[in-house]
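Below is one structure, written out as structure tokens; comments come after it.
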Amino acid sequence: MTDRFEPQSLTQTWLAPSNPRPIVIFGAGSIVRDAHLPAYRKAGYPVAGLYDPDTETAEKLASEWGVATYASAEAAAAVENVVYDLATPPDVHASVLRLLPDAAAVLIQKPMGADLAAASEILAICRNKKLKAAINFQLRFAPMMLALKDAIAKGWLGEVVDFDAWLALATQWQLWPFLNGRPRIEIAMHSIHYLDLIRQLLGDPEGIHAKSVGHPNHDIAQSRTSAILDYGDRVRCVLSINHDHDFGRKHQACEFRICGTEGAAYLQLGVNLDYPRGEPDILEIRPKGGDSWVTVNLKGASFPDAFVGRMANLQRYAAGEDAELVSSVEDAWNTMALVEAAYQSSALPATQLQERP
Ligand SMILES: NC(=O)c1ccc[n+]([C@@H]2O[C@H](COP(=O)([O-])OP(=O)(O)OC[C@H]3O[C@@H](n4cnc5c(N)ncnc54)[C@H](O)[C@@H]3O)[C@@H](O)[C@H]2O)c1
933 MTDRFEPQSL TQTWLAPSNP RPIVIFGAGS IVRDAHLPAY RKAGYPVAGL YDPDTETAEK
993 LASEWGVATY ASAEAAAAVE NVVYDLATPP DVHASVLRLL PDAAAVLIQK PMGADLAAAS
1053 EILAICRNKK LKAAINFQLR FAPMMLALKD AIAKGWLGEV VDFDAWLALA TQWQLWPFLN
1113 GRPRIEIAMH SIHYLDLIRQ LLGDPEGIHA KSVGHPNHDI AQSRTSAILD YGDRVRCVLS
1173 INHDHDFGRK HQACEFRICG TEGAAYLQLG VNLDYPRGEP DILEIRPKGG DSWVTVNLKG
1233 ASFPDAFVGR MANLQRYAAG EDAELVSSVE DAWNTMALVE AAYQSSALPA TQLQERP
């Protein structure tokens, strides 16, 4: 039984925790400034303080936002009855996790380490310490994505059989100095969000074909990816990702087309088109039985609202208010496995053409 299509009735927000714990942040870099702190202020989540070994950066950000700083990672990890928030470079996550008290609640920025071996190490630390640990795959909590998933759950698309991610934009990789010299960039740092979201919508694929390459105009290891996720013969799932479409705004795009057997959805991910300021997100649905596309009026954007929802779920899980921890380290390991398979595929030769006789 399908509900009548009422676009404004779609769920776009995560339930708020009734008594959020103070948050201790590790890292005072760009994502904390652009998304974590704005989100927590908007949601009214208290921030106890932050730690960054770059004390000048830490103190500047802390004074702008009126929060404390800690003199060491150990001092930050010793603050009790808090939620820890790791916004550290991926190869730092494990060393910070080792400092945290057993059974702590912790949010870890994506990716879950630099590769699958690092993800396995992080998973082992979290299991040993019984941490309530989740990865910051906040795209799952963007208002447009929560609405999309609600629409799918209500049957407005029928069975989802096609997922097409299409990006042609100019990403300013120099915003992230910690990426310099890394061997894995595009899939590990960016498309990982899409792979994670696809896993949530469609489950784990049987495998992946991928090719990820750089660009002659710069020395970032990879900035362009083509990928096909294998879901058998009912579902087509592709990513066409070009971060080097640097020819002005016209003809740039950052969009998903998700088609079901009876309806379809179109999404624009605005944040990437003018990162981190962002253009508006867009969600339009052509519902089952409808004869036109309908715009869902979004109540927020990926930055910062998706970060509000991400933290809400962790806080609620830690307080026993949510039964499921979304993107727990257990689940996120599978996204890392998909990333690893994509890089393995990219390193392999494609099917060779036969020689002309
Ligand atoms: N979810 C998203 O959409 C998203 C977007 C951007 C970045 N990120 C992730 O967030 C993390 C940080 O990215 P960023 O853009 O803020 O990078 P950044 O380089 O601007 O900041 C990283 C900060 O971490 C600090 N740091 C290093 N070691 C530390 C330690 N042991 N303890 C505390 N702080 C430490 C550095 O001094 C630096 O200030 C990365 O893992 C990145 O992948 C996620």
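Heads up: the sequence shown is residues 933 to 1289, going by this note's numbering.
Here a beta-carbon is modelled for each residue, glycine too, at the ideal position from N, C-alpha and C.
No experiment lies behind these values; they were computed from the predicted model shown.
> Should residue 1258 and residue 1019 be called a contact, given that it needs their Cβ atoms to be closer than 8 Å?
Replying inline: Residue mapping note: residue 1258 aligns to position 326 of the sequence shown, counting from 1. Residue mapping note: residue 1019 aligns to position 87 of the sequence shown, counting from 1. No, Cβ-Cβ distance for residue 1258 and residue 1019 is not below 8 Å.
> Beta carbon of residue 937, beta carbon of residue 1222: below 8 Å?
Replying inline: In the sequence shown, residue 937 corresponds to position 5, counting from 1. In the sequence shown, residue 1222 corresponds to position 290, counting from 1. Yes, they are a contact pair.
>> With distance defined between alpha-carbon atoms, name the residue in 1045, 963, 1011, 996 nearest to residue 1027.
In response: As a working note, residue 1027 is residue 95 in the sequence shown. The shortest Cα separation from residue 1027 among 1045, 963, 1011, 996 belongs to 1045.
> For residue 1110, which of helix, strand or coil comes out of DSSP?
Replying inline: Here residue 1110 corresponds to residue number 178 of the sequence shown, with the count starting at 1. Looking at residue 1110 - three-state DSSP - the assignment turns out to be helix.
>> Is residue 1105 near ligand 1 - that is, is its Cβ less than 7 Å away from at least one heavy atom of it?
In response: Along the sequence shown, read from residue 1 onward, the residue named residue 1105 stands at position 173. No, the beta carbon of residue 1105 sits no closer than 7 Å to any heavy atom of ligand 1.
>> What does the Cβ neighbour count give for residue 1270, buried or exposed, with the cut at 16 atoms within 10 Å?
In response: If you number the sequence shown from 1, residue 1270 lands on position 338. Buried, because 16 or more other Cβ atoms sit within 10 Å of the Cβ of residue 1270.
> Touching or not, the region 1000-1012 and the region 981-991, by the rule of three or more beta carbon pairs under 8 Å?
Replying inline: yes
>> Quick check on residue 1126: does DSSP put it in helix, strand or coil?
In response: Mapped onto the sequence shown, residue 1126 falls at position 194. Of the three classes helix, strand and coil, the one that applies to residue 1126 here is helix, per DSSP.
> Of all the options 1287, 1064, 941, 1101, which has the alpha carbon lying nearest to the alpha carbon of residue 1180?
Replying inline: As a first step, residue 1180 is located in the sequence shown; it is residue number 248 there, counting from the start. The residue with the shortest Cα to Cα distance from residue 1180 is 1101.
> Are residue 943 and residue 1128 touching if we call contact CB-CB under 8 Å?
Replying inline: Within the sequence shown, residue 943 is the residue found at index 11, counting from 1. Within the sequence shown, residue 1128 is the residue found at index 196, counting from 1. In this structure, residue 1128 does not lie closer than 8 Å to residue 943 by Cβ.
> Taking buried to mean at least 16 other C-beta atoms within 10 Å of its own C-beta, is residue 1225 buried or exposed?
Replying inline: On the sequence shown, position 293 is the one that residue 1225 refers to. By the 10 Å Cβ count, residue 1225 comes out exposed.
> What is the rounded straight-line gap between the Cα of residue 1196 and the Cα of residue 974?
Replying inline: As a first step, residue 1196 must be located in the sequence shown, where it is residue number 264. As a first step, residue 974 must be located in the sequence shown, where it is residue number 42. Approximately 32 Å, taken between the alpha carbons.
> Got a sec? Which residues, its chain only, sit under 6 Å from residue 950 by beta carbon, not counting five neighbours each side?
Replying inline: In the sequence shown, residue 950 corresponds to position 18, counting from 1. Same-chain partners within the cutoff: there are none.
> Between the C-alpha atoms of residue 933 and residue 1120, what's the straight-line distance to the nearest angstrom?
Replying inline: Position 1 of the sequence shown, counted from the start, is the residue given in the question as residue 933. Position 188 of the sequence shown, counted from the start, is the residue given in the question as residue 1120. Model confidence at residue 933 stands at a pLDDT of 45, short of 50, so the residue's coordinates are unreliable and nothing is read from them.
>> Judging by CA-CA distance, which residue of 1024, 1182, 1011 is the nearest neighbour of residue 894?
In response: Since the first residue of the chain shown is 933 and the last is 1289, residue 894 is not available in this structure.
> How would you call residue 1023, buried or exposed, if buried means at least 16 neighbouring beta carbons within 10 angstroms?
Replying inline: Your numbering for residue 1023 matches position 91 in the sequence shown. With fewer than 16 Cβ atoms within 10 Å of its Cβ, residue 1023 is classed as exposed.
> Straight-line CA distance for residue 1073 to residue 1164?
Replying inline: To locate residue 1073, count along the sequence shown from 1; it is residue 141. To locate residue 1164, count along the sequence shown from 1; it is residue 232. For residue 1073 and residue 1164, the distance between alpha carbons rounds to 28 Å.
>> Report the CB separation of residue 1089 from residue 1083 in whole angstroms; it is logged as a contact under 8 Å.
In response: Position 157 of the sequence shown, counted from the first residue, corresponds to residue 1089. Position 151 of the sequence shown, counted from the first residue, corresponds to residue 1083. With 8 Å as the limit, residue 1089 and residue 1083 qualify as a contact, their Cβ atoms being about 7 Å apart.
>> Since residue 1264 and residue 1069 should fall inside the 8 Å C-beta cutoff, what is the C-beta to C-beta distance between them, to a whole number of angstroms?
In response: As a first step, residue 1264 is located in the sequence shown; it is residue number 332 there, counting from the start. As a first step, residue 1069 is located in the sequence shown; it is residue number 137 there, counting from the start. Right, their Cβ atoms sit about 7 Å apart.
>> Quick check: residue 1211 and residue 1173, are their CB atoms within less than 8 Å of each other?
In response: Locating residue 1211 in the sequence shown gives position 279, counting from the first residue. Locating residue 1173 in the sequence shown gives position 241, counting from the first residue. Not a contact, by the Cβ cut-off of 8 Å.
> So what's residue 1004 in DSSP terms, helix, strand or just coil?
Replying inline: As a working note, residue 1004 is residue 72 in the sequence shown. Residue 1004 falls in the coil class under three-state DSSP.
> Can you name, in chain order, every residue of its own chain whose Cβ lies under 7 Å from the Cβ of residue 1254, other than the five neighbours on each side?
Replying inline: Here residue 1254 refers to the residue found at position 322 of the sequence shown. For residue 1254, where only same-chain residues beyond five positions count, the Cβ hits under 7 Å are 1245, 1248.
> Skipping 5 residues on each side, what residues in its chain have a beta carbon closer than 8 Å to that of residue 1202?
Replying inline: Numbered from 1 along the sequence shown, position 270 holds the residue referred to as residue 1202. 1186, 1210, 1211, 1212, 1213, 1214, 1233, 1234, listed in sequence order.
>> So, at 6 Å on beta carbons, what are the nonlocal neighbours of residue 1137 in its own chain, with the 5 sequence-adjacent residues on each side left out?
In response: By one-based count along the sequence shown, residue 1137 stands at place 205. Counting only Cβ-Cβ distances below 6 Å, and skipping sequence neighbours, we find 1161, 1162, 1163.
> Using CA coordinates, which residue listed in 960, 1015, 1013, 1007 is at the minimum distance from residue 996?
Replying inline: For this step, residue 996 is matched to residue 64 along the sequence shown. Residue 960 is the option with its Cα nearest to residue 996.
> So, residue 1250 versus residue 1059, is the Cβ gap smaller than 8 Å?
Replying inline: The residue you call residue 1250 lines up with position 318 of the sequence shown. The residue you call residue 1059 lines up with position 127 of the sequence shown. Result no, Cβ atoms of residue 1250 and residue 1059 do not sit closer than 8 Å.
>> Which runs of the alpha helix (DSSP H) at least 4 residues long sit entirely within the region 942-996? Give them in chain order.
In response: 969-975
>> Tell me the DSSP secondary structure of residue 1024 in three-state form.
In response: On the sequence shown, residue 1024 is found 92 positions in, with the first residue counted as 1. It is helical.
> Who are the Cβ neighbours of residue 1237 in its own chain at under 6 Å, not counting the five residues just before and after it?
Replying inline: Position 305 of the sequence shown, counting from 1, holds the residue named residue 1237. So the qualifying residues of the chain are 1075.
> Roughly how many angstroms lie between the CA atoms of residue 1064 and residue 1148, to the nearest whole one?
Replying inline: Numbered from its first residue, the sequence shown carries residue 1064 at position 132. Numbered from its first residue, the sequence shown carries residue 1148 at position 216. Rounded to whole angstroms, residue 1064 to residue 1148 spans 43 Å at the Cα level.
> Looking at residue 985 and ligand 1, is the gap between the Cβ and the nearest heavy atom below 7 Å?
Replying inline: In the sequence shown, the residue the question calls residue 985 occupies position 53. Yes, ligand 1 has a heavy atom inside 7 Å of this Cβ.
>> Taking its Cβ as the centre, do 16 or more other Cβ atoms sit within 10 Å of residue 1183, making it buried, or is it exposed?
In response: Position 251 of the sequence shown, counting from 1, holds the residue named residue 1183. Looking at its Cβ environment, which holds fewer than 16 other Cβ atoms inside 10 Å, residue 1183 is exposed.
> residue 989: beta carbon under 7 Å from a heavy atom of ligand 1?
Replying inline: Taking the sequence shown and counting its residues from 1, one reaches residue 989 at position 57. Correct: residue 989 has its Cβ closer than 7 Å to ligand 1.
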